[in-house]
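Residue numbers (the working numbering): 281 to 443.
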């Protein structure tokens, strides 16, 4: 998707794939409510097919009363004929990890899971290396957020926010 000619350059959230450290450190200097307002203003929509507004989803998650919250990245690729999750996680994993951590910061979640389709086992080792480096950086900037990979075999419900 990052190289798609269907999107205008201005539509990209992460314009440079090496910006993740700067984006993360700048994000946690802001108030979660301000970040939510930026997301709402951006009109960013999810990739799950329904086009649900990301800012509204994160706002509702932030307002939800719970002692423990989790951020889930559904990389099950349940939609027929698409390989977007595989492409994104294999080419720009730090963008996904950064988005998960910023979402965690906004919503109060300290733990994230990447639900990875069983057929994408070949991505697991490199993704774990990226997670290790990412978590090391989170520790440096004093952001308490951990990410774990959960290998699956095709249960779409694993990506729903109420799962």
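Ideal placement from N, C-alpha and C gives every residue a C-beta, glycine not left out. This one's a predicted model, so the numbers in the text were calculated from it and none came from an experiment.
Distance CB(residue i)-CB(residue j) smaller than 9 angstroms
i           : j           : result
residue 421 : residue 389 : no
residue 353 : residue 393 : yes
residue 368 : residue 316 : no
residue 332 : residue 384 : no
residue 382 : residue 429 : no
residue 378 : residue 320 : no
residue 406 : residue 370 : yes
residue 348 : residue 409 : no
Same chain, Cβ closer than 7 angstroms to residue i, neighbours up to 5 away in sequence not counted
i           : result
residue 359 : 329
residue 305 : 421
residue 313 : none
Cut-off 6 angstroms between Cβ atoms - residues of its own chain near residue i, not counting five sequence neighbours on either side
i           : result
residue 284 : Reliability of the predicted coordinates at residue 284 is poor, the pLDDT of 48 falling under 50, and the value obtained from them is presented with this limitation in mind. Same-chain partners within the cutoff: there are none.
residue 418 : 425
residue 365 : 355, 357
residue 299 : none
residue 324 : 334
residue 423 : 308
Distance between beta carbons of residue j and residue i, contact taken as under 8 angstroms
i           : j           : result
residue 342 : residue 395 : At roughly 22 angstroms, the Cβ-Cβ gap does not stay under 8 angstroms, so residue 342 and residue 395 are not in contact.
residue 322 : residue 335 : 7 angstroms
residue 326 : residue 311 : Going by Cβ atoms, the distance from residue 326 to residue 311 rounds to 23 angstroms, so no, they are not a contact pair.
Residue-chain proximity (residue i, chain D), Cβ-Cβ < 9 angstroms
i           : result
residue 335 : Of the chains in the structure shown, none is chain D; there is only one protein chain.
Close Cβ partners of residue i (< 8 angstroms) along its chain, the five nearest in sequence each way excluded
i           : result
residue 432 : 356, 395, 396, 397, 398, 438
query: Just checking, does the segment 365-382 make contact with the segment 413-428 on the three C-beta pairs under 8 angstroms criterion?
result: yes
message: For a minimum of 4 consecutive residues, which ranges assigned as the alpha helix (DSSP H) are wholly contained in the segment 323-372?
response: Within the segment 323-372, the complete alpha helix (DSSP H) runs of at least 4 residues are 334-343, 364-371.
task: Would you mind listing the alpha helix (DSSP H) stretches within the segment 397-422 that are 4+ residues and don't spill past its ends, in chain order?
output: 401-420
message: Suppose only complete runs of 4+ residues qualify. What are the alpha helix (DSSP H) ranges in the segment 297-324, listed by chain order?
response: 300-307, 312-322
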